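Q: In the working numbering, the protein residues as written are 273 to 412.
Quick reminder that beta carbons are idealized off the backbone N, C-alpha and C, glycines included.
These figures come from a predicted structure and were not determined experimentally.
Dumping the structure here so I can ask a few things about it.
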Ligand code: HEC
């Protein structure tokens with residue numbers, strides 16, 4: 273009788289230990305922390321993007337308002353790029369408001385858009401439809 277209780281306790285302790293080790297492995301694993309790294313400048317830029325409702329007129333990966341252009345790849349576009357974006361921000365246009373951003377804020381928005389650009393292509397025009405129905409998209 274006593275022996276069985278001791279055995280049960282031992283089994284329980286082993287079970288708890290295994291669960292604890294498993295938990296540590298799962299929550300300290302690389303997968304949880306391997307999200308794309310956003311610099312602090314880019315994070316400030318993202319905040320400006322949100323606070324100024326850029327997405328009410330612009331899209332990223334096709335999502336957002338449709339008055340302005342999709343800005344996913346505006347930084348790597350050979351005809352546009354960083355200085356073009358900065359110039360646009362404080363100049364505005366007929367249908368885009370003028371913003372009075374400081375040089376630093378403009379740089380932060382550019383950093384945010386550069387990060388977005390680094391994540392992929394939109395639209396993914398070089399995607400290929402395979403015979404098996406699988407779509408291979410082009411990655412950066
Ligand atoms: C009220 C709508 C509106 C808001 C809000 C807005 N934009 Fe625009 N934006 C536009 C329009 C419309 C254009 C195209 C203007 C044109 O060609 O005359 C444009 C153009 C641009 C361009 C040039 C895009 C290109 O590919 O040529 C950039 C960059 C840009 N906006 C960034 C921003 C950022 C960053 C914000 C937020 C801080 C923002 N816009 C907020 C309407 C808006």
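1) Less than 7 Å between the CB of residue 352 and some heavy atom of ligand 1, yes or no?
2) From residue 371 to residue 293, what distance separates their C-alpha atoms?
3) Report the option in 387, 277, 296, 274 whose CA atom is closest to the CA atom of residue 347.
4) Keeping to the same chain, check which residues put their C-beta closer than 6 Å to that of residue 392; ignore five residues upstream and five downstream.
5) Just mark residue 314 as buried or exposed, buried being the case when its beta carbon has 16 or more other beta carbons within 10 Å.
6) Tell me whether residue 347 sits in a helix, a strand or coil according to DSSP, three-state version.
A: The answer reads as follows:
1) For the purposes of this step, residue 352 is identified with residue 80 of the chain shown, where counting begins at 1. Of the heavy atoms belonging to ligand 1, at least one sits nearer than 7 Å to the Cβ of residue 352.
2) Counting from one through the chain shown, the residue named residue 371 turns up at place 99. Counting from one through the chain shown, the residue named residue 293 turns up at place 21. Their backbone Cα atoms lie some 53 Å apart in a straight line.
3) Along the chain shown, one-based indexing puts residue 347 at 75. Residue 347 has its Cα closest to that of 387, out of 387, 277, 296, 274.
4) Looking up residue 392 in the chain shown gives position 120. Excluding positions up to five away in sequence, the list reads 412.
5) As a position in the chain shown, residue 314 is number 42, starting the count at 1. So residue 314 counts as buried.
6) Numbered from 1 along the chain shown, position 75 holds the residue referred to as residue 347. Reduced to three states, the DSSP call for residue 347 is coil.
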